[in-house]
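This report concerns only the one structure given below.
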Amino acid sequence: MQYLLMIYRNEAEFGKMDATARQKMTAEYGAFTQSIIQSGHFKAGDGLQPTTTATTVRVRDGKTLTTDGPFAETREQLGGYYLVEAKDLDTALAIAARIPHARTSAIEVRPVMVYD
Numbered sequence: 001m002q003y004l005l006m007i008y009r010n011e012a013e014f015g016k017m018d019a020t021a022r023q024k025m026t027a028e029y030g031a032f033t034q035s036i037i038q039s040g041h042f043k044a045g046d047g048l049q050p051t052t053t054a055t056t057v058r059v060r061d062g063k064t065l066t067t068d069g070p071f072a073e074t075r076e077q078l079g080g081y082y083l084v085e086a087k088d089l090d091t092a093l094a095i096a097a098r099i100p101h102a103r104t105s106a107i108e109v110r111p112v113m114v115y116d
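So the sequence shown is numbered by full-length UniProt numbering: it starts at 1 and just counts up by one.
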């Protein structure tokens, strides 16, 4: 089954990281990503640009409306994701727990809907 592991982090705190801390975090993500590629769990994944680059689209009464920014204002923002293949939820949770931001932020794990 496929699971989407969504990485929520505080953009303001992330922005305060110095170059050394960013390089360390980048290296940790590289090692983590390589490990799930080698284990066969990796399907896709990427980081996202800051929410200041987001545009939200809504269609109301046949009219397309756009607003700058994310859908909702929250303390933590979606910063990236991994799509993984795992035999069950426990395996997906174990993979999510190894994501570097799991130590300081939140990782939401959701099964991908399967259509018949």
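Glycine residues also receive a C-beta, built at the ideal position from the N, C-alpha and C atoms.
Three-state class that DSSP yields for residue i in the structure shown
i: Thr55; result: strand
i: Lys16; result: coil
Nearest-angstrom beta carbon gap, residue j and residue i [assumed within contact, 8 Å]
i: Pro100; j: Glu13; result: Their Cβ separation, rounded to whole angstroms, is 14 Å, which puts Pro100 and Glu13 out of contact at 8 Å.
Residue(s) in a DSSP beta bridge with residue i
i: Ile107; result: Ile7
i: Glu85; result: Gln2
i: Gln77; result: Arg9
Contacts around residue i, its chain only, beta-carbon distance under 8 Å, and the 5 residues preceding and following it disregarded
i: Asp88; result: Met1
i: Asp116; result: none
i: Thr64; result: Val57, Arg58
Sequence-distant residues of the same chain with beta carbon closer than 7 Å to residue i, five excluded per side
i: Asp68; result: Thr55
**Prompt:** With a cut-off of 8 Å, do at least 3 Cβ pairs link the region 91–102 to the region 27–47?
**Reply:** yes
**Item:** Any 3 or more C-beta pairs closer than 8 Å across the region 42–51 and the region 76–83
**Value:** yes
**Message:** Quick check: the region 103–111 against the region 2–11, are at least 3 beta-carbon pairs closer than 8 Å?
**Reply:** yes
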